[in-house]
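Undergrad:
In my numbering, the protein residues as written are 23 to 320.
Right, dumping it as structure tokens:
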């Protein structure tokens, strides 16, 4: 499944990171995640739903039973838990681990939360779910695209609650230089302005507008974060990156390399021939790397 359009929202994270003629905007948007065609229940019949309350709103978590450590799958901007429909049964069969997916604020079965996108609030939602499901301290995070921001925020606040991470073409702090943030904002401002004129927005569009609201200060602060040395991480960059322009694509690639080389317990694994949607293009590779991480932390 490929995205019909790319949204700054997936990249603003590439969540701020919808098709646009501006090259940079397309890349940012590249971070928007395609909507799968089948329902979550259709691909993970053994999964059960657990609604988790955090700070006055409810977040939908889908749990496929198994052993610990659990694997927590977090999709990119504009996607809900169904993004992982292909991967969940493969991963469950390969590892026997508990598999957890969830819908972020305003997506899938989760409540809408008004106001600007907040990495810390999103990380708080995920952490609340991990605690209430009993997997905090016994889990591996798998974060695609924008979800890299949530993972980074979470491990900074609760490093002991994550045993390891697999970051799949993830939005990493190293990418967000002052110049790049300005490029993203400038490229996507026209699209966001048009969305604000609409009386009804899709969940993905609503999320995009929320992400755009405080994008610059949020990502300037994100640029200053570092990943805790105690949490091992595997980095899987896509072959194409989310960007069509060389300047942005090269910065994205370099951010992946810089992150992976910053500590001895990190490694970079290439995914030849893949688009930004590595979990859809190369599910077996992603399953393999998750399995390896589970083995190393177990």
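Backbone N, C-alpha and C fix where the C-beta goes; we use that ideal spot for every residue, glycine too. Since the structure is predicted, the reported quantities are computational estimates derived from the model, not experimental observations.
Give the C-beta separation of residue 93 and residue 162 to the nearest angstrom, bearing in mind that I take them to be a contact with Cβ-Cβ under 8 angstroms.
TA: Stepping through the chain shown from its first residue, residue 93 is reached at position 71. Stepping through the chain shown from its first residue, residue 162 is reached at position 140. With 8 angstroms as the limit, residue 93 and residue 162 qualify as a contact, their Cβ atoms being about 5 angstroms apart.
Undergrad: Determine the burial state of residue 48: buried for a count of at least 16 other Cβ atoms within 10 Å of its Cβ, exposed for fewer.
TA: Reading the chain shown from its first residue, position 26 is the one you call residue 48. Only weak support is given to the placement of residue 48: the predicted model assigns it a pLDDT of 35, under 50, and the value that follows is read from those uncertain coordinates. By the 10 Å Cβ count, residue 48 comes out buried.
Undergrad: What does a CB cutoff of less than 7 angstroms around residue 182 pick up in its chain, not counting 5 residues either side in sequence?
TA: The residue labelled residue 182 in the question sits at position 160 within the chain shown. Cβ within range, chain order: 159.
Undergrad: How about residue 76 and residue 169: are their beta carbons less than 9 angstroms apart?
TA: Counting from one through the chain shown, the residue named residue 76 turns up at place 54. Counting from one through the chain shown, the residue named residue 169 turns up at place 147. Annotated as distal: residue 76 and residue 169, with beta-carbon spacing of 9 angstroms or more.
Undergrad: Count the other CB atoms, across all protein chains shown, that sit within 10 Å of the CB of residue 276; report buried if there are 16 or more and exposed otherwise.
TA: Mapped onto the chain shown, residue 276 falls at position 254. That one is exposed.
Undergrad: According to DSSP, is residue 75 part of a helix, a strand, or is it coil?
TA: For the purposes of this step, residue 75 is taken as the residue at position 53 of the chain shown. Here residue 75 carries a strand assignment [DSSP, helix/strand/coil].
Undergrad: Can you check the segment 224–299 for any beta strand (DSSP E) of at least 3 residues that lies completely inside it and give the ranges in chain order?
TA: 255–258, 288–290
Undergrad: Just to confirm before moving on: does the CB-CB distance between residue 79 and residue 133 stay below 9 angstroms?
TA: For the purposes of this step, residue 79 is taken as the residue at position 57 of the chain shown. For the purposes of this step, residue 133 is taken as the residue at position 111 of the chain shown. In this structure, residue 133 lies closer than 9 angstroms to residue 79 by Cβ.
Undergrad: Quick one: residues in its chain with C-beta nearer than 8 angstroms to the C-beta of residue 291, no 5 flanking neighbours on either side, listed in chain order?
TA: Start at 1 with the first residue of the chain shown, and residue 291 comes out as number 269. Taken in chain order, the residues that qualify are 256, 257, 258, 307, 311.
Undergrad: Output needed for residue 235: all residues of its chain with C-beta closer than 8 angstroms, excluding positions within five of it in sequence on either side, in chain order.
TA: Here residue 235 refers to the residue found at position 213 when the chain shown is read from its first residue. So the qualifying residues of the chain are 137, 138, 139.
Undergrad: State the DSSP-derived secondary structure class of residue 91, mapped to helix, strand or coil.
TA: The residue labelled residue 91 in the question sits at position 69 within the chain shown. Under the three-state reduction of DSSP output, residue 91 falls in the strand class.
Undergrad: On the DSSP letters alone, give me the boundaries of the alpha helix (DSSP H) that residue 146 sits inside.
TA: What you label residue 146 is simply residue 124 of the chain shown in a count that begins at 1. Unbroken alpha helix (DSSP H) run through residue 146: 141–154.
Undergrad: Can you tell me which of 82, 146, 91, 89 puts its alpha carbon nearest to the alpha carbon of residue 123?
TA: Numbered from 1 along the chain shown, position 101 holds the residue referred to as residue 123. Residue 82 is the option with its Cα nearest to residue 123.
Undergrad: Can you tell me whether residue 175 is helix, strand or coil according to DSSP?
TA: Translated into positions along the chain shown, residue 175 becomes position 153. Helix.
Undergrad: Is residue 90 near the ligand COA, judged by its Cβ being under 8 angstroms from some heavy atom?
TA: For the structure depicted, the ligand COA is absent and the ligand set is empty, with no information on it obtainable.
Undergrad: Can you give the Cα-Cα distance for residue 192 and residue 221, rounded to whole angstroms?
TA: Reading the chain shown from its first residue, position 170 is the one you call residue 192. Reading the chain shown from its first residue, position 199 is the one you call residue 221. Spanning the two alpha carbons is a distance of roughly 32 angstroms.
Undergrad: Please state whether the Cβ-Cβ distance between residue 209 and residue 187 is less than 9 angstroms.
TA: What you label residue 209 is simply residue 187 of the chain shown in a count that begins at 1. What you label residue 187 is simply residue 165 of the chain shown in a count that begins at 1. Not in contact: residue 209 and residue 187 (Cβ atoms no closer than 9 angstroms).
Undergrad: Ignore the nearest five residues each way along the sequence and tell me which others in residue 147's own chain have a CB closer than 6 angstroms to its CB.
TA: For the purposes of this step, residue 147 is taken as residue 125 along the chain shown, with counting starting at 1. 76, 81.
Undergrad: Tell me the DSSP secondary structure of residue 53 in three-state form.
TA: Working through the chain shown from its first residue, we reach residue 53 at position 31. Low confidence applies here, because residue 53 scores a pLDDT of 48, under 50, leaving its location unreliable and the question unanswered by this model.
Undergrad: Look at the alpha carbon of residue 286 and the alpha carbon of residue 253, and state the distance between them as a whole number of angstroms.
TA: By 1-based counting over the chain shown, the position of residue 286 is 264. By 1-based counting over the chain shown, the position of residue 253 is 231. Going from the Cα of residue 286 to the Cα of residue 253 covers about 11 angstroms.
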